[in-house]
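What follows is a short report on a single structure.
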Amino acid sequence: MSTTLVNPYNIILFNSKIPFIRGKYKNCIGLMEPFKDGEVECIAIWVHPEISEKNKLNTTTHESIHAAYPELTEQQVIDGADLIAEVLWKSGYRKVKSKKVKK
Ligand SMILES: [Zn+2]
């Protein structure tokens, strides 16, 4: 399988439901968009904030696979994300809430 994996790039993660309120992403829970900041390849990933933590792990994995392997079919991405997210979840990986910095 050929790979079009881009070199690590800036990754911007959004915990926002803004793209999912209306328009073509209305029924989506995740979204990935590649873009360039000058010569630097970047990806932006949105994950709907009102889904379960396990679903967020799956969705983040799913969108990351889209970024890494854009030639894969949607079903291949779904199958890969389901497996990877399940292995990570069963291994105990969970989101750690970051502490707020006092000003
Ligand atoms: Zn997808």
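Residue numbering for the sequence shown follows our numbering, starting at 1342 and increasing by one per position. Every residue, glycine too, gets a C-beta built ideally from N, C-alpha and C. Bear in mind that the values here come from a model prediction, so they are computed numbers and not experimental data.
{"Check": "Pro1360 (DSSP reduced to helix, strand or coil)", "Outcome": "helix"}
{"Check": "C-beta contact flag for His1403 and Ala1385 at 7 Å", "Outcome": "no"}
{"Check": "Cβ-heavy atom distance, Val1418 to ligand 1, below 6 Å", "Outcome": "yes"}
{"Check": "Of the residues Trp1387, Ile1425, Cys1369, Lys1377, the one placed nearest Leu1354, counting alpha carbons only", "Outcome": "Trp1387"}
{"Check": "Per DSSP, the bridge partner or partners of Leu1354", "Outcome": "Ile1386"}
{"Check": "Any non-hydrogen atom of ligand 1 closer than 6 Å to Glu1415 Cβ", "Outcome": "yes"}
{"Check": "As assigned by DSSP and simplified to three states, the class of Glu1415", "Outcome": "helix"}
{"Check": "Distance, Glu1412 Cα to Lys1365 Cα", "Outcome": "21 Å"}
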